[in-house]
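Here the structure comes first, spelled out in structure tokens, and everything after it is commentary.
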Amino acid sequence: MAARRREYRRPRSFAVVATPEDIPEFAAALDRLEQAIGPLVAGFVAAGHRFYVVGGWVRDLLLSTHPALAGTAPDTAPPSLGDIDVTTDATPAQSEQLLGEWATA
Numbered sequence: 010m011a012a013r014r015r016e017y018r019r020p021r022s023f024a025v026v027a028t029p030e031d032i033p034e035f036a037a038a039l040d041r042l043e044q045a046i047g048p049l050v051a052g053f054v055a056a057g058h059r060f061y062v063v064g065g066w067v068r069d070l071l072l073s074t075h076p077a078l079a080g081t082a083p084d085t086a087p088p089s090l091g092d093i094d095v096t097t098d099a100t101p102a103q104s105e106q107l108l109g110e111w112a113t114a
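The numbering used here applies: residue 10 is where the sequence shown begins, and numbers increase by one.
Following this line, the structure appears as structure tokens:
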């Protein structure tokens, strides 16, 4: 008996509910992320590679449950960015070379 293939039907349209500009805390969290890993991203991009932030950090940010979205008093340190998962199309050898001083483990 032949296996029956399931078809995925893409919805006709997707509604954009909010953008980072609509949620100041979201934009602030992305700014902090850029400050934290911007030089790392720039190195990969300058070498012609793609670089993505993935995983729980993105999920929690989209669900508005990430600690980086918490408001803070002006005289306190902002919440931690936590564990940031990334991926790239660079090979492991290329990544090691590009990581340089970032590689500590």
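Think of the CB as a built atom: it goes at the ideal place given N, C-alpha and C, for glycine as much as any other residue.
Own chain, CB closer than 6 Å to His75, minus 5 neighbours either side, in chain order: Annotation for His75: Asp69 place their beta carbon closer than 6 Å to its own, counting only its chain and skipping 5 residues before and after.
If you compare alpha carbons, which of Gln103, Ser73 and Glu110 is closest to Pro33? With distances taken between Cα atoms, Pro33 lies closest to Ser73.
Our contact map puts Val67 next to Phe60 with C-beta atoms below 8 Å; I'd like the distance itself, whole angstroms only. Actually they do not touch by this definition, with Cβ atoms about 13 Å apart.
Leu107 and Ala56 closer than 8 Å at C-beta: The Cβ atoms of Leu107 and Ala56 sit closer than 8 Å to each other.
Comparing C-alpha positions only, which one of Ala45, Glu110, Ser89 and Gly64 sits nearest to Val95? When only C-alpha atoms are compared, the closest one is Gly64.
Using a Cβ-Cβ cut-off of 7 Å (strictly less than) and excluding sequence neighbours within five positions of Phe53, which residues of its own chain qualify? Taken in chain order, the residues that qualify are Phe60, Thr97, Ala99 and Leu107.
CA-to-CA distance, His58 to Ile46, given in whole angstroms: Spanning the two alpha carbons is a distance of roughly 15 Å.
So what does DSSP say about Asp92, is it helix, strand or coil? Under the three-state reduction of DSSP, Asp92 is assigned to coil, being neither helix nor strand.
Inter-residue Cα distance where the pair is Ala9 and Leu71: Nothing can be reported for residue 9: it is not among the residues displayed for the chain, which extend from 10 to 114.
Looking only at DSSP bridge pairs, what is Phe35 linked to? DSSP output for Phe35 lists no bridge partner at all.
Give the single residue among Ser104, Pro48, Leu42 and Glu110 whose Cα lies nearest to the Cα of Asp92. It is Leu42.
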